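In the numbering used here, the protein residues as written are 244 to 460.
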């Protein structure tokens with residue numbers, strides 16, 4: 244009888260749409276493509292829950308170049324509208340670096356492990372000079388064409404190092420993952436966004452469907 248109950252429950256349509264996943268997500272790691280140039284591809288994240296400053300900023304918008312790993316930290320307010328954030332992005336990022344071709348959004352030390360170089364040096368082609376060292380800086384001997392050549396060489400090295408780092412990351416991640424293969428005619432459920440407190444399909448709470456379908460391939 245226990246087996247009959249388990250079989251009946253496993254085939255229940257409502258249960259399959261509402262049940263919580265306890266297993267590891269399937270699929271192999273898909274690394275991001277290596278950017279062609281500096282600030283072509285960026286990633287973004289928001290640091291929230293910070294004490295409010297005198298200018299009423301309570302969050303930091305972190306924007307990172309995926310090639311050089313250089314970053315900009317923009318003070319913002321957590322309640323800024325999308326239009327306000329777009330204006331800040333235009334003023335602080337596009338004005339300095341141009342429009343990126345791709346953006347990865349997710350809601351260290353100067354030497355980065357992936358590129359084996361300092362972000363500042365990859366971005367500007369030279370070491371960062373802090374105020375304490377200004378008296379040691381002599382006449383600049385690097386010509387414009389030489390600086391371009393050096394920068395291109397460093398970008399090429401950064402691309403190769405990123406490629407190696409992402410290959411290692413994929414090999415590590417895929418050790419404990421398995422890929423899924425489907426055939427034409429298989430019927431699958433589609434997972435919908437599991438945001439807490441959101442009303443889905445007229446139902447709010449634990450009984451709101453996490454999956455819709457099934458759909459035939």
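Yeah, the Cβ is synthetic: ideal placement off N, Cα and C, and Gly gets one too.
The model shown is predicted, which means the values in this text are computed figures rather than measured ones.
Query: Which residue marks the beginning of the alpha helix (DSSP H) containing residue 326, and which one marks its end?; Result: 325-332
Query: Enumerate in chain order the residues of its own chain whose CB-to-CB distance from residue 246 is below 7 Å, with the five nearest sequence positions on each side excluded.; Result: none
Query: Might you give, ordered along the chain, the residues of its own chain that have their beta carbon closer than 6 Å to the beta carbon of residue 345, omitting 5 neighbours on each side?; Result: 284
Query: Among the candidates 430, 451, 435, whose CA atom is the shortest distance from the CA of residue 457?; Result: 430
Query: Quick one: give me the first and last residue of the beta strand (DSSP E) that residue 289 is part of.; Result: 284-290
Query: Nearest by alpha-carbon distance to residue 338: which of 296, 420, 315 is it?; Result: 315
Query: Between which two residues does the beta strand (DSSP E) carrying residue 456 extend?; Result: 454-459
Query: State the DSSP-derived secondary structure class of residue 348, mapped to helix, strand or coil.; Result: strand
Query: Please name the residue, chosen from 331, 311, 312, that lies closest to residue 303 on a Cα-to-Cα basis.; Result: 331
Query: Can you tell me which of the three DSSP states residue 406 falls into?; Result: helix
Query: On a CA-only basis, which of 323, 278, 409 is nearest residue 300? Give me that one, please.; Result: 323
Query: Give me the DSSP bridge partner(s) of residue 308.; Result: 285
Query: In chain order, what residues of the same chain lie with their CB nearer than 7 Å to the CB of residue 307, ignoring the 5 residues before and after it?; Result: 285, 286, 314
Query: What's the gap between the Cα of residue 413 and the Cα of residue 401?; Result: 18 Å
Query: To which residues of the same chain is residue 428 closer than 8 Å at the C-beta, ignoring the five residues directly before and after it?; Result: 459, 460
Query: If you measure between the beta carbons of residue 434 and residue 453, is that distance less than 9 Å?; Result: yes
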